[in-house]
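Heads up: the sequence lines are chains V and F, in that order.
In terms of full-length UniProt numbering, the first sequence opens at residue 1 and continues consecutively.
In terms of full-length UniProt numbering, the second sequence opens at residue 1 and continues consecutively.
Number of protein chains: 2
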Amino acid sequence: METDLQAIEVMPAVVAALREALGPRVVQLPHEFAGRHHADASRMPCAEPIALVRPGSTEEVSVALRICHAHRQPVVTQGGLTGLAGGACLLGGEIALSLERMRGIEHVDAVSATMIVLAGTPLQMVQEAADAAGFLFPLDLGARGSCSIGGNLATNAGGNRVIKYGMMREQVLDVEAVLADGSVVGGLHGMIKNNTGYDLRNLLVGSEGTLAIITRVVLRLRPKPSAVSTAFCGLPSYEAVTTLLSRAQAMLPAGVSAFEVMWPSYYDFYTGRLPELRAPLAGKHAFYVLLESLGADPERQAESFEGFLGAMLEEGVVEDAALASSESDALAFWAVRDAPGENARLLPGRVSFDVSFAIAEVGEAARRCEAALRARWPRANVLVYGHLGDGNVHIVVQEPDWPSTTAREVQDVVYGVTGEMKGSVSAEHGIGTKRMHVLGLTRTPVEIAAMKAIRVALDPLGILNPGKLFS
Amino acid sequence: METDLQAIEVMPAVVAALREALGPRVVQLPHEFAGRHHADASRMPCAEPIALVRPGSTEEVSVALRICHAHRQPVVTQGGLTGLAGGACLLGGEIALSLERMRGIEHVDAVSATMIVLAGTPLQMVQEAADAAGFLFPLDLGARGSCSIGGNLATNAGGNRVIKYGMMREQVLDVEAVLADGSVVGGLHGMIKNNTGYDLRNLLVGSEGTLAIITRVVLRLRPKPSAVSTAFCGLPSYEAVTTLLSRAQAMLPAGVSAFEVMWPSYYDFYTGRLPELRAPLAGKHAFYVLLESLGADPERQAESFEGFLGAMLEEGVVEDAALASSESDALAFWAVRDAPGENARLLPGRVSFDVSFAIAEVGEAARRCEAALRARWPRANVLVYGHLGDGNVHIVVQEPDWPSTTAREVQDVVYGVTGEMKGSVSAEHGIGTKRMHVLGLTRTPVEIAAMKAIRVALDPLGILNPGKLFS
Numbered sequence: 001m002e003t004d005l006q007a008i009e010v011m012p013a014v015v016a017a018l019r020e021a022l023g024p025r026v027v028q029l030p031h032e033f034a035g036r037h038h039a040d041a042s043r044m045p046c047a048e049p050i051a052l053v054r055p056g057s058t059e060e061v062s063v064a065l066r067i068c069h070a071h072r073q074p075v076v077t078q079g080g081l082t083g084l085a086g087g088a089c090l091l092g093g094e095i096a097l098s099l100e101r102m103r104g105i106e107h108v109d110a111v112s113a114t115m116i117v118l119a120g121t122p123l124q125m126v127q128e129a130a131d132a133a134g135f136l137f138p139l140d141l142g143a144r145g146s147c148s149i150g151g152n153l154a155t156n157a158g159g160n161r162v163i164k165y166g167m168m169r170e171q172v173l174d175v176e177a178v179l180a181d182g183s184v185v186g187g188l189h190g191m192i193k194n195n196t197g198y199d200l201r202n203l204l205v206g207s208e209g210t211l212a213i214i215t216r217v218v219l220r221l222r223p224k225p226s227a228v229s230t231a232f233c234g235l236p237s238y239e240a241v242t243t244l245l246s247r248a249q250a251m252l253p254a255g256v257s258a259f260e261v262m263w264p265s266y267y268d269f270y271t272g273r274l275p276e277l278r279a280p281l282a283g284k285h286a287f288y289v290l291l292e293s294l295g296a297d298p299e300r301q302a303e304s305f306e307g308f309l310g311a312m313l314e315e316g317v318v319e320d321a322a323l324a325s326s327e328s329d330a331l332a333f334w335a336v337r338d339a340p341g342e343n344a345r346l347l348p349g350r351v352s353f354d355v356s357f358a359i360a361e362v363g364e365a366a367r368r369c370e371a372a373l374r375a376r377w378p379r380a381n382v383l384v385y386g387h388l389g390d391g392n393v394h395i396v397v398q399e400p401d402w403p404s405t406t407a408r409e410v411q412d413v414v415y416g417v418t419g420e421m422k423g424s425v426s427a428e429h430g431i432g433t434k435r436m437h438v439l440g441l442t443r444t445p446v447e448i449a450a451m452k453a454i455r456v457a458l459d460p461l462g463i464l465n466p467g468k469l470f471s
Numbered sequence: 001m002e003t004d005l006q007a008i009e010v011m012p013a014v015v016a017a018l019r020e021a022l023g024p025r026v027v028q029l030p031h032e033f034a035g036r037h038h039a040d041a042s043r044m045p046c047a048e049p050i051a052l053v054r055p056g057s058t059e060e061v062s063v064a065l066r067i068c069h070a071h072r073q074p075v076v077t078q079g080g081l082t083g084l085a086g087g088a089c090l091l092g093g094e095i096a097l098s099l100e101r102m103r104g105i106e107h108v109d110a111v112s113a114t115m116i117v118l119a120g121t122p123l124q125m126v127q128e129a130a131d132a133a134g135f136l137f138p139l140d141l142g143a144r145g146s147c148s149i150g151g152n153l154a155t156n157a158g159g160n161r162v163i164k165y166g167m168m169r170e171q172v173l174d175v176e177a178v179l180a181d182g183s184v185v186g187g188l189h190g191m192i193k194n195n196t197g198y199d200l201r202n203l204l205v206g207s208e209g210t211l212a213i214i215t216r217v218v219l220r221l222r223p224k225p226s227a228v229s230t231a232f233c234g235l236p237s238y239e240a241v242t243t244l245l246s247r248a249q250a251m252l253p254a255g256v257s258a259f260e261v262m263w264p265s266y267y268d269f270y271t272g273r274l275p276e277l278r279a280p281l282a283g284k285h286a287f288y289v290l291l292e293s294l295g296a297d298p299e300r301q302a303e304s305f306e307g308f309l310g311a312m313l314e315e316g317v318v319e320d321a322a323l324a325s326s327e328s329d330a331l332a333f334w335a336v337r338d339a340p341g342e343n344a345r346l347l348p349g350r351v352s353f354d355v356s357f358a359i360a361e362v363g364e365a366a367r368r369c370e371a372a373l374r375a376r377w378p379r380a381n382v383l384v385y386g387h388l389g390d391g392n393v394h395i396v397v398q399e400p401d402w403p404s405t406t407a408r409e410v411q412d413v414v415y416g417v418t419g420e421m422k423g424s425v426s427a428e429h430g431i432g433t434k435r436m437h438v439l440g441l442t443r444t445p446v447e448i449a450a451m452k453a454i455r456v457a458l459d460p461l462g463i464l465n466p467g468k469l470f471s
């Protein structure tokens with residue numbers, strides 16, 4: 001009892017006000033959450049919050065922000081802490097507002113193919129609820145078990161099947177969110193088309209916790225595919241890669257659901273280091289592509305997918321191809337593409353990039369980056385791979401025993417090429433704190449000024465995730 | 001010479017400054033554009049502009065806005081003047097800025113499947129350029145020959161194939177635009193994924209000329225479909241309609257590219273009044289659906305489409321169906337759906353609506369509207385039809401010799417139901433001036449306040465399309 005009173009006596013006024021309004025179950029003090037992990041997966045530095053607020057409802061989020069607003073108290077919203085840009089990390093002096101208690105599926109409308117969920121719901125729970133209702137929720141990424149829908153929205157998450165289904169912003173029909181002053185926007189509308197003023201939904205999606213706290217959303221569900229065709233192809237040139245992409249998009253009846261490209265450095269590295277990987281192809285090629293088509297007609301689709309691959313082999317677009325004849329084949333192909341999941345073990349101290357370009361430019365951009373990196377660091381691992389159908393390429397650079405200053409030099413090389421070739425310094429991971437210094441390579445000063453004006457308009461006191469995105 | 005001097009003497013200072021900076025070819029005075037039509041297709045009132053500015057480049061748009069900004073001069077941006085909400089109409093005292101001289105395709109990138117076009121380019125010119133390059137530009141609407149890409153973006157245009165390809169916002173990768181003070185945003189990036197700060201592109205799309213003037217855009221092209229399957233179906237109930245929709249989405253290999261629903265009042269009215277229409281079905285049904293699937297595999301698709309229809313007939317979801325066996329059959333089916341093109345002649349003085357709901361709610365919403373309208377005006381024509389796959393329904397209400405006050409009463413009925421059932425008062429046409437009085441039925445006061453704050457942030461002097469969207 002005495003300890004508690006002591007704690008309350010030294011409490012900042014804003015924490016005392018929050019605790020009084022929301023109670024000790026919602027508002028925890030540092031000694032109550034001791035040992036809790038606060039950082040996201042970005043490896044960026046992270047401070048301790050002055051209090052942890054875990055609201056159970058939109059109303060409680062609103063009360064919390066109203067109080068923080070009155071005290072000009074900075075707030076960092078946290079979801080599953082799987083972000084890769086430091087957007088959820090604490091810089092010091094903030095309150096952490098976690099949506100972990102706001103999880104659950106509130107409503108499934110099987111006729112409209114929509115679902116209302118709380119923002120703290122893990123992605124995998126949404127995928128499973130969609131599946132149980134006979135639908136597909138198509139967004140998918142490695143962190144599915146921990147990442148939350150609210151975090152997926154705040155960062156506009158991507159993943160493997162963006163080429164067919166779009167990014168997170170394409171999966172959401174409406175958002176309910178609490179603005180900095182505690183007021184609530186969003187009516188949880190379930191209609192697909194709604195041209196009534198500015199697109200607040202798309203403004204909040206991808207805003208990385210700086211404009212509002214998303215509390216509930218209406219998600220769009222898709223028909224569950226009944227046919228999967230998967231192939232692993234070896235190709236002679238980047239030109240052949242883009243030809244295969246456009247032919248597949250034009251000729252496959254169900255379209256393309258994944259088009260994952262791996263450069264030889266990537267393929268050789270992982271198939272050499274990970275003995276459990278079954279190399280899908282016997283020979284060596286200039287490029288490797290995992291091609292997938294998700295459709296609705298198992299019998300006819302298998303026939304036309306095989307016919308398509310035959311035509312591409314005959315034409316020389318593809319040099320060699322392995323067609324998955326079972327689910328385990330397909331899983332073996334995906335294992336090659338998912339090998340970077342082992343990076344923490346295989347490539348300590350690596351520097352990673354998530355850049356994008358017009359599809360026609362990706363080959364040249366990657367060539368320039370690789371050449372510059374190898375010229376400067378001849379013994380480094382330089383692994384290139386990505387979602388080519390979206391123009392999105394990941395580059396991983398590593399050498400054991402690099403001094404700590406090398407990361408910045410490696411960034412200068414890759415971001416330099418990205419800026420020169422009009423690419424994006426973040427295709428799908430966001431800016432957070434990790435990429436703030438390179439935002440200006442993709443966005444002009446006028447654009448950043450416009451973003452700042454919008455931020456000030458919606459959060460005049462600057463309490464939502466200050467120090468993130470831009471300062 | 002003397003006339004010119006006189007005209008210049010009475011010219012407002014802002015017009016004189018514009019004329020001096022941009023010349024008489026770009027800046028025209030009222031006596032020089034006498035007889036020109038300024039109103040859009042909304043039938044809303046429209047004043048004369050104090051000057052007409054027709055820039056030929058982004059730079060000239062920027063100069064024009066810099067001058068207007070310095071003089072606090074209101075500006076209305078105009079495209080093809082085919083809008084249906086009055087967004088391009090003049091309220092009095094504005095300068096009209098027309099993008100008619102900024103037309104043309106600047107660049108086609110066949111590898112990235114993108115195209116850079118000037119905002120004043122007519123939609124049809126874009127469709128034709130895409131076709132010539134071996135692609136499809138999927139947005140399509142009746143005004144294709146006159147409407148401009150910039151206007152399509154400003155209103156986030158929809159149309160018939162939204163269910164497969166999305167609305168205008170899904171067709172654009174980046175926009176270049178001039179802000180109220182003349183500064184230019186947008187780098188004409190050609191990448192699909194770009195998570196670098198706020199989504200300015202989606203904020204400008206649908207903002208109806210109130211936030212910026214879009215000058216150039218990077219459009220996304222799609223593979224040209226090689227197979228078209230079309231059927232006209234009669235169904236027994238709204239439940240059967242939504243069942244057909246979800247089955248078609250799950251079972252048709254190429255998915256659904258159009259799902260146009262016509263209520264019996266619609267079908268009977270047009271097939272009765274337009275002798276050139278060939279009624280696709282012999283009998284009467286509770287609902288009619290035009291179903292289309294665009295795909296890539298002509299042979300196998302025809303087979304599976306026919307198999308699907310057979311299964312739906314057997315199950316009783318569909319009572320009767322006509323399958324198009326030729327392009328002329330398909331055109332005859334579409335003619336029934338396109339019959340409202342004759343409304344100006346057939347239904348003078350009509351009141352039209354463009355509302356949307358969650359798909360599961362459309363049947364009940366339409367039933368309530370029809371019942372209320374028929375109870376109040378038993379002799380009125382009440383025609384209901386729409387893009388049901390998007391939850392979007394159009395309602396046309398008309399009775400000859402109605403007093404002019406009736407329109408507002410009819411609106412009260414339909415918008416009343418829309419508000420009650422959490423629908424949108426504008427699914428695809430926008431707000432403009434025509435629907436400003438009902439914006440509050442779909443958007444909350446907090447949302448409208450947030451929109452106003454954003455508008456003030458980007459256009460502090462309020463010179464861009466004042467009096468539109470909200471005041």
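Ideal Cβ positions, reconstructed from N, Cα and C, are used throughout, including at glycine.
Report all residues from its chain with a CB closer than 7 Å to the CB of residue i; omit the five preceding and five following residues, and keep chain order.
i: V/F305; result: S229, L252, S293
i: F/F333; result: T230, F232, P280, L290, A324
i: V/W377; result: E399
i: F/V178; result: T58, V61, S62, L65, V184, A212, I213, T215
i: V/F357; result: A365, G391, M421, G423
i: V/G349; result: Q398, W402
i: V/A335; result: L277
Mind pulling the chain F residues with CB within less than 9 Å of residue i?
i: residue 483 of chain V; result: Shown here, chain V extends from 1 to 471; a query on residue 483 of chain V therefore has no answer.
i: V/P236; result: None at all; the shortest Cβ gap to chain F is about 16 Å.
i: residue 492 of chain V; result: Only positions 1 to 471 of chain V appear in the structure, and residue 492 of chain V is not among them; the question remains open.
For residue i, which residues in chain F fall below 7 Å Cβ to Cβ?
i: V/Q249; result: P223
i: V/R220; result: None at all; the shortest Cβ gap to chain F is about 11 Å.
Going by beta carbon distance, what residues of the same chain come within less than 8 Å of residue i, once the five residues before and after it are set aside?
i: F/A296; result: P223, P225, S226, A227, A254
i: V/V172; result: L153, R201, V205, V217, V218, L219, R220
i: V/A302; result: A227, S229
What are the residues that DSSP puts in a beta bridge with residue i?
i: F/F287; result: F/L235
i: V/R222; result: V/L136
i: V/T82; result: Answer by DSSP bridge pairing: none, since V/T82 is not bridged.
i: V/I105; result: V/V117
i: F/G295; result: F/A227
Identify, in the order they occur along the chain, each residue of the same chain with its Cβ nearer than 6 Å to the Cβ of residue i, setting aside the five sequence neighbours on each side.
i: F/G419; result: L441
i: F/A330; result: T230, A324
i: F/E20; result: none
Applying a beta-carbon distance threshold of less than 8 Å, which residues of chain F neighbour residue i?
i: V/V185; result: T444, V446, E447, A450
Taking 8 Å as the cut-off, does the segment 258-274 of chain V touch the segment 121-139 of chain F (at least 3 CB pairs, one atom from each stretch)? Contact between the segment 121-139 of chain F and the segment 258-274 of chain V is absent, because fewer than three Cβ pairs lie under 8 Å.
Within the chosen definition, does the segment 382-390 of chain V reach the segment 263-272 of chain V through at least 3 CB pairs nearer than 8 Å? Touching, yes.
Kindly confirm or deny that the segment 65-81 of chain F and the segment 93-100 of chain F touch, where touching means at least three C-beta pairs closer than 8 Å. Enough Cβ pairs lie closer than 8 Å, so yes.
Contact list for the segment 280-304 of chain F against chain V, Cβ threshold 7 Å: Taking 7 Å as the upper bound on Cβ-Cβ separation, chain V lies near residues G295, A296, D297, R300, Q301, S304 of the segment 280-304 of chain F.
Could you name the residues of the segment 134-146 of chain V whose beta carbon sits closer than 7 Å to any beta carbon of chain F, in the order they occur along the chain? none
For the segment 421-433 of chain F, enumerate the residues whose C-beta is nearer than 7 Å to any C-beta of chain V, in chain order. K422, G423, S424, V425, S426, A427, E428, H429, G430, I431
Could you tell me whether the segment 18-33 of chain F touches the segment 77-84 of chain F, where touching means 3 or more Cβ pairs closer than 8 Å? no
Taking Cβ-Cβ distances below 8 Å as the criterion, which residues of the segment 346-361 of chain V are in contact with chain F? S356, F357, A358, I359, A360, E361
Interfacial residues, the segment 106-119 of chain V to chain F, with Cβ spacing under 9 Å: The residues in question are D109, A110, V111, S112, A113, T114.
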